[in-house]
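When we follow the numbering used here, the leftmost residue of the sequence shown carries the number 1, and every step to the right adds one. A virtual CB, placed ideally from N, CA and C, is assigned to each residue, including glycine. Note sheet for the following structure.
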Amino acid sequence: MQDTFGHSAAANSGSSHTVTGVKATSPGTSNNASSPSDSGNNSSSDANSGSSAADPAEPAGAQTEFQQFMHDSAASRTTVEKGGISYVTNATSPLVLVNKKRELASDYVPDDLIKAPVEFSFSGDSPKQQMRKVAAEALGKLFEGAKKDGIELKAVSGYRSYPSQKSIFNAYAKTHGEEEANTFSAHPGQSEHQTGLAMDVSSASVHYGLEESYGETKEGKWLKAHAADYGFIIRYEKGKETETGYMYEPWHVRYVGVFVAKDVKKLGLTLEAYLARF
Ligand SMILES: [Zn+2]
C-alpha cells in the first residue's frame with residue numbers, strides 16, 4: 001500500500017533527479033561544471049520564463065528537461081486530496097514539499113536510507129542516523145567542508161518514521177497541549193524528517209542542543225553561509241514562520257540539491273515560496 005497516494009507521479013521526479021543533478025556534487029570543484037544543475041547559475045531565476053534563452057553552454061535538451069522537472073515539482077502540481085488531507089504526490093523527489101498543509105502517507109518509507117557518513121552527537125545505532133543516500137552523501141561533504149574550516153558539527157537527528165514522529169508528537173501534546181506542540185513539533189506525516197532529506201545539526205558550543213541561539217554561534221553561522229554549496233537549505237528561517245508554519249530552526253538542514261539550494265539562498269525564499277514560482 002506504499003503507493004496509495006498517487007506515488008505514480010513520483011516516477012517522473014525519480015528519473016529526472018539525476019538529470020537535474022539534485023544529486024550531490026561537491027561544491028567548488030570542477031565536476032560542478034559538467035553538472036546540468038550547476039551550470040545555469042545565471043539563468044536560475046528565470047528557469048521558468050519561456051522567453052529567456054537557454055544557457056548557451058547548455059544543450060537545449062538538458063535545459064528543457066530541467067525546466068520540466070521544476071514545472072513538475074511545483075507546489076501546485078504535487079498534491080492530491082484524500083479525506084480532507086492533501087498528500088504529496090512526489091514523496092521520492094528531492095524537491096518534495098512537506099509541511100502542515102502537505103502530508104506524506106503514513107506508510108511512506110524512503111527505499112534508499114543509509115547511515116550518514118558523519119559524526120553524531122550520541123553513541124550507538126539509531127534510525128535517526130539515516131538519510132536518503134543522496135542527502136547522506138551530501139551531508140558527509142558538508143561536514144568535511146566544515147572540518148576544513150575548523151568548524152565542528154555533529155548530526156543529531158535525521159530520518160524519522162511516521163510511527164516514531166507520532167509518538168514524539170503525542171508526548172509533546174501531552175505535556176504542552178496540542179496547539180503549542182504544533183508550533184515546535186510536527187504532526188505525523190507533516191515532518192520533513194520522514195522524507196529522509198533532513199538532518200538536525202548542532203555543535204559543542206550549545207551542548208548539541210537544538211535551540212535558536214545556535215544561529216548566533218560560529219558553527220550556526222558557518223552552516224547558514226555554506227549549506228547551499230553542498231545542496232542544503234536552512235529550512236525554517238527567522239521571520240518566515242507564517243510561510244513555513246514552524247519556528248526558526250537554525251539547526252535543521254534540508255537537502256534540495258546544489259542548484260536549488262543556491263537559488264533559494266540567493267533569492268532569500270522559503271521552500272514554500274520558491275516552489276510556488278514554477
Ligand atoms: Zn529538524
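Here's the rule: buried if 16 or more other CB atoms are within 10 angstroms of the residue's CB, otherwise exposed. What is Pro-27? With a pLDDT of only 40 at Pro-27, under 50, the local geometry of the prediction cannot be trusted, and no value is derived from it.
Counting only runs that start and end within the region 148 to 188, where is the alpha helix (DSSP H) found for 4 or more residues in a row? 162 to 176 and 178 to 184
Is it buried or exposed for Asp-107, if we count other Cβ within 10 angstroms and need 16 for buried? exposed
Measure the CB-CB distance between Gly-220 and Tyr-255 and report whether it falls below 7 Å. no
How many Å lie between Lys-82 and Thr-244 at the Cα? 22 Å
Are the beta-carbon atoms of Val-118 and Leu-139 separated by less than 7 Å? yes
Of the residues Thr-242, Asn-170 and Ser-73, which one's Cα is nearest the Cα of Ala-276? Ser-73
When the Cα atoms are used, what is the spatial distance from Ser-44 to His-176? Interpretation of Ser-44 is limited by its pLDDT of 40, a score under 50 that renders its predicted location unreliable; no figure is taken from the coordinates.
Rounded C-alpha distance that separates Tyr-248 from Lys-115: 26 Å
Going by DSSP, what residue range makes up the beta strand (DSSP E) through Ser-73? Ser-73 -> not in any beta strand (DSSP E); alpha helix (DSSP H) instead, spanning 60 to 73.
Where Ser-123 falls, given that 16 or more other Cβ within 10 Å makes a residue buried: exposed
With a threshold of 8 Å, are at least 3 pairs of Cβ atoms found where one atom belongs to the region 264 to 278 and the other to the region 91 to 111? yes
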